[in-house]
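By the working numbering, the letter at position 194 of the sequence shown is numbered 194, and the numbering carries on one by one without gaps. Cβ coordinates follow ideal geometry from the N, Cα and C atoms, glycine included. Model, not experiment: these values are computed from the prediction. Here is the structure we will look at, set down as structure tokens.
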Amino acid sequence: MNEFDLVVRNARVVTACDTFDCDIGIRDGRIVQIGQALDVGANEIDAAGRTVTPGGVDAHCHLDQPMAPPTRNADDFDTGTRSAACGGTTTVIPFAAQQKGQSLRAAVEDYRARAAGKAHVDYAFHLIVSDPTPTVLREELPELIREGFTSFKIYMTYDDMKLDDGQILDVLDVARQHGAMAMLHAENSDCIEWLTRRLEAAGRTAPRFHAHSRPMLVEREATHRAIALAELVDVPILIVHVSGREAVEQIRWARAHGLNVFAETCPQYLFLTAEDLGIDDSYKGARCICSPPPRDKANQQVIWDGLNDGLFTVFSSDHAPFKYDGPEGKKPHGEEVAFRHIPNGIPGLETRMALLWSEGVLAGRMTANRFVELTSTGPAKAYGLHPRKGTIAIGADADLVIWDEREFVLKNEQLHHEVDYTPYEGMRLKAWPGVTLSRGEVVWDGCVFHPKPGRGELLACGAPTLLPKRRLPDAMTRLLGA
Ligand code: DUC
Ligand code: ZN
Ligand code: ZN
């Protein structure tokens, strides 16, 4: 009998901190040996001349998230994880979203049912807390954290989701007491509403005015406020989908003052600008409507700088898939509508890894180790999945990407999501995953997807491991004597 189910031979392995040549021995879905000239496995993949990185952890994507009709996500756990696998992502973390008036537990059970039997790669859930009732704060949230749902998103905008400052403090306090990670969508809701009404009154309702309704100021103000609220409670936070300079400056300020403020950014803030929402009133710009909106070239450079100098911990897709054509997506009921009514979000699960590998690493803008840290190790640590996920090490899940370096022009028809466009159509890329292994099984071989719905497992997350275990008593405990 072979010692290994699979050996990946002659790999140039890149982790967040090291680069080395070796064979990887895999048994029962885990990495059991790393070395040279390993024994023959039952199966073998020769990776000679190719780089092998940990499978991607996409810590921000939306799959089959319940929403008000007619709007519906184009991808569910089947098509979304298919697309993830073909793009080199082996763990996804979408959101179990609480509706106002709904129990958080019910939201999780509903979402568990939506995922059951469908996923091709492993997944965990973040929670979205939109109704922090006393029961949610005192019972449901602490229980769910204990059960492995250790991160939750807080919205500062969107009427059906947003919390006021007092509610945010309450939820952050639960994160502090139970060691969870709070993720903040930082945009000032009232400013957006005020600007939107002004634009509508002036007849400016084309897709491109979405960007005008959410200038960087609204992101800057909310980022500042989120940081202040977290400082008051004395809890680490992670600001999601940071778009440009003004929010970055707030986060740098917080860091310089010793606050534990982490940050995420996404491909759209590197590769798109507000002009992709339209330079005239064409409806096509609806395809690139997302929030915060993409900014300009100068802000793209600010994001590149933050990726390289450690400001960002996480690089996610924020895959929020809506079809351009069709009544459930960007044209609700089949109609071209004012920007206020256009669903926010763009697809990106499948392109996230290759965009950053091509335009970051192979274009000489980023080290390969930093790429791994941002796309895999950082998110795994932020959300309590490391070291099972996010690295190549003995004992870790055998989630691997073997890269093929070849030039090609990206086309939506090559992708495996259910969305009828990619914002990156026509981009010239230098690489794509040649093999994706999920717990030692080939799910993508560079040409063909190997479907096995239901093989993906729901992961219980531990506490975030970006920081040392909390020293006690902390400031809030001292203040309240609790
Ligand atoms: N925020 C997200 O995180 N995703 C899609 C839309 C949004 O506003
Ligand atoms: Zn958001
Ligand atoms: Zn999102």
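For residue i, report the span of its beta strand (DSSP E) as first-last.
i, result
"N369", "Note, N369: premise wrong, no beta strand (DSSP E); alpha helix (DSSP H) at A368 to V372."
"R9", "L6 to V14"
"K433", "The residue asked about is misnamed: residue 433 is Pro in this sequence, not Lys. Element bounds for P433: R428 to S438."
"R146", "Careful: R146 lies outside any beta strand (DSSP E), inside the alpha helix (DSSP H) at L141 to R146."
"V442", "E441 to W444"
"F95", "F95 to A97"
"L127", "H126 to I128"
"V52", "T51 to P54"
Could you check if residue i is buried or exposed, using at least 16 other CB atoms within 10 Å of its CB as the buried criterion?
i, result
"A96", "buried"
"W444", "buried"
"A180", "buried"
"I394", "exposed"
"F209", "buried"
"E335", "exposed"
"A119", "buried"
"K153", "buried"
"A107", "buried"
"F20", "exposed"
"R428", "exposed"
"A286", "buried"
"E246", "buried"
"A256", "exposed"
"T135", "exposed"
"R50", "buried"
"C17", "exposed"
"K323", "buried"
If you run the structure through DSSP and keep just helix, strand and coil, what is residue i?
i, result
"M353", "helix"
"E200", "helix"
"M161", "coil"
"L400", "strand"
"C22", "strand"
"T375", "helix"
"P134", "helix"
"Y383", "coil"
"E44", "strand"
"Q36", "coil"
"E413", "helix"
"K323", "coil"
"I251", "helix"
"C61", "strand"
"E3", "coil"
"A418", "Looking at the sequence itself, residue 418 is Glu, so the reference to Ala does not match. E418: coil per DSSP, three-state reduction."
Please confirm if residue i has its CB atom under 8 Å from at least one CB of chain B.
i, result
"M67", "The structure shown contains no chain B; it is built from a single protein chain."
In terms of residue numbering, what span does the alpha helix (DSSP H) encompassing residue i cover?
i, result
"T81", "F77 to C86"
"M216", "M216 to V233"
"I303", "K297 to D309"
"S213", "F209 to S213"
"V261", "Segment V261 to T265 is the beta strand (DSSP E) holding V261; no alpha helix (DSSP H) there."
"A106", "L104 to A115"
"Y269", "Q268 to F271"
Under the assumption that residue i contacts residue j (Cβ atoms under 8 Å), give the Cβ distance between them as a whole number of angstroms.
i, j, result
"A84", "V121", "6 Å"
"R27", "D46", "That belief does not hold up - the Cβ atoms of R27 and D46 are roughly 19 Å apart, past 8 Å."
"H185", "V240", "6 Å"
"G56", "T89", "4 Å"
"L229", "I145", "Contact flag wrong, Cβ pair sits at about 19 Å."
"S316", "P379", "7 Å"
"D170", "L127", "Actually they do not touch by this definition, with Cβ atoms about 15 Å apart."
"T223", "I192", "That pair is no contact at about 14 Å."
"T150", "C461", "4 Å"
"T265", "F312", "5 Å"
**Report entry** For review: beta carbons within less than 7 Å of any heavy atom in ligand 1
**Finding:** This criterion selects H60, H62, Y158, H185, V240, H241, C290, S291, D318, A320, N344 and G345.
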